[in-house]
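Residue numbering for the sequence shown follows this note's numbering, starting at 186 and increasing by one per position. Below is one structure; the comments refer to it alone.
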Amino acid sequence: MMKNPETDFLVINDLKLYYRIGNIECYPPGEDSLLLNKHIKYYCKDKKVLDMGCGTGIQGLEAYKYTKNVTFSDIDGDCLKISKINFYINYIKNFNPYELLDIIDKIKFPVDFILSDLFSKINEKFDVILFNPPYLPGYEEDERLDRWVCGREDGREIIDKFLNDLKYHLNKNGIALLVISSYNKPKELIKDYSKLYKIEIIDKASFYFEEIFLLKIKPISYI
Ligand SMILES: C[S@@+](CC[C@H](N)C(=O)[O-])C[C@H]1O[C@@H](n2cnc3c(N)ncnc32)[C@H](O)[C@@H]1O
């Protein structure tokens, strides 16, 4: 008998994005996700793309409209499972997501899904790397929420690790699009990395408590 699925989803740019399926969950797309999402068509067409920290897969699924060369990665196995289900439902066959839960890891996909702490399991280079990282200062008691949104002091723990390795994973002329917040002190961050990268703010959004920025990051020299 078909169980009644407890699910939650959003529809963004015609993509159906589940963020809760039964008892597994991932980061529900927010304003930060959308700030990055609206630039994907321009930057990702015909490129080799990595959606780092994919969550629902919102960024990579949008990129897949414009290039078939997309890789999804996340440190959180549940996020990766949900992004696979979202890929299946949007690009293979509309299906009951709850029924896909048990079989999704056995299905072969035309794209890669990689469980990885940042670049630790990523052995390739890309033209465009998309990352909406955990950037809030401090930590959350809830381990899962902490992994999705928190970056310790100044919120920069994950951002700094990402930027230290990024240059090794970009093809010539490759770029990263990275979301950060006013909490991460953008001016300081851009200065800290000025020897390694040319960093431009290409978009931003303001809220009463913070601003979020979209950075375009290009290595000064390619490796
Ligand atoms: C703010 S959410 C963004 C999710 C999605 N990309 C979006 O834009 O809605 C951050 C994501 O990064 C993942 N993440 C956190 N630390 C990570 C790490 N060290 N390596 C890879 N992914 C990580 C989290 O599991 C979460 O899915």
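Note that the Cβ used here is the ideal one computed from N, Cα and C, for glycine as well.
How would you call residue i, buried or exposed, if buried means at least 16 neighbouring beta carbons within 10 angstroms?
i	result
I225	buried
Y393	exposed
K266	buried
N317	buried
M187	Since pLDDT at M187 reaches only 45, below the 50 mark, its modelled position is unreliable, and the value read off the structure follows with that caveat. Burial call: exposed.
N369	buried
P295	exposed
I386	exposed
I288	exposed
F280	exposed
M237	buried
I397	buried
First and last residue of the alpha helix (DSSP H) that includes residue i?
i	result
L220	E216 to N222
I387	It is not in any alpha helix (DSSP H) - I387 instead sits in the beta strand (DSSP E) that spans Y382 to S391.
L285	P282 to L285
Grab me the residues of residue i's own chain with a C-beta within less than 6 Å of its C-beta, minus the 5 sequence neighbours each way, in chain order.
i	result
Y324	D331 and C335
L235	T256, F311 and I314
V196	none
E284	none
K278	none
F304	D350 and H354
P240	The displayed chain sequence assigns Gly, not Pro, to residue 240. So the list reads C211, Y212 and C264, once near-sequence residues are dropped.
Could you name the residues of the same chain whose beta carbon sits closer than 7 Å to that of residue i, not counting the 5 residues immediately before and after it, in chain order?
i	result
K352	L381, P404 and I408
P282	P190, T192, Y203, I206, I270 and I274
Y378	L348 and I384
S218	I243 and N317
D263	I209, E210 and C211
E338	P322
Near residue i, what residues of its chain come up, given a Cβ to Cβ distance below 8 Å and the 5 sequence neighbours on each side ignored?
i	result
I360	Y228, D312, V313, I314, K401, I402 and K403
N356	K233, K310, F311, D312 and Y407
E421	Absent from the model: residue 421. The displayed extent of the chain is 186 to 408, so no value can be given.
L286	I206, G207, I209, K266 and I270
Would a C-beta distance cut-off of 8 Å place residue i and residue j closer than the cut-off?
i	j	result
F272	L246	yes
I307	S258	yes
T252	K223	no
L362	G340	no
I344	D302	no
L374	L221	no
Return the first residue and the last residue of the beta strand (DSSP E) that residue i is part of.
i	result
I314	F311 to F316
D193	T192 to I197
L300	D297 to L300
Counting only runs that start and end within the region 204-267, where is the alpha helix (DSSP H) found for 4 or more residues in a row?
216-222, 225-229 and 243-248
Report the residue ranges of all beta strand (DSSP E) runs contained in full by the region 329-404; include only those spanning at least 3 residues, in chain order.
355-366, 382-391 and 396-404
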